Amino acid sequence: MGDTELEKNRARYGLLAVVVSNLAIAGVAIFGVWRLDGDKSVIVGILTAAFTAVSSMTTAYLGIKAVSNTAKSIALGQQVAAQSATPPPQRTP
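Here the sequence shown is numbered in my numbering, starting from 266 and rising by one per residue.
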């Protein structure tokens, strides 16, 4: 498995984990609101906590992914620069 395929799998399954977690949080929040039968102050607390959890998880995933992509592009750029900075071998006449 090449590096490109590995990165695709990491991105795919990382995003899948975030989406499934967000859906689970939303499901639990909806169930909690449904079971409270209209207690407005508790419903607001549940929805606020669910929104905070979903936004925090999504932001963390996107932030980690952005840093990972930046680090990878910097490493590849340095590798290419090092290869191009190497002078060609000298030929003696």
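Beta carbons: idealized from backbone N, C-alpha and C, even for Gly. No experiment lies behind these values; they were computed from the predicted model shown.
- Using a Cβ distance threshold of 7 Å, I308 and L301 count as a contacting pair.
- The beta-carbon distance between M322 and V283, rounded to whole angstroms, is 6 Å. This is short enough to meet the 8 Å contact definition.
- When secondary structure is reduced to three states using DSSP, D304 falls in the coil class, being assigned neither helix nor strand.
- Nearest neighbour of S320 by Cα position, chosen from R275, L281 and N287, turns out to be N287.
- Rounded to whole angstroms, the separation of the alpha carbons of A331 and A340 is 14 Å.
- Under the three-state reduction of DSSP, G297 is assigned to helix.
- G279 is the residue among G279, E272, N274 and L271 whose C-alpha sits nearest the C-alpha of T324.
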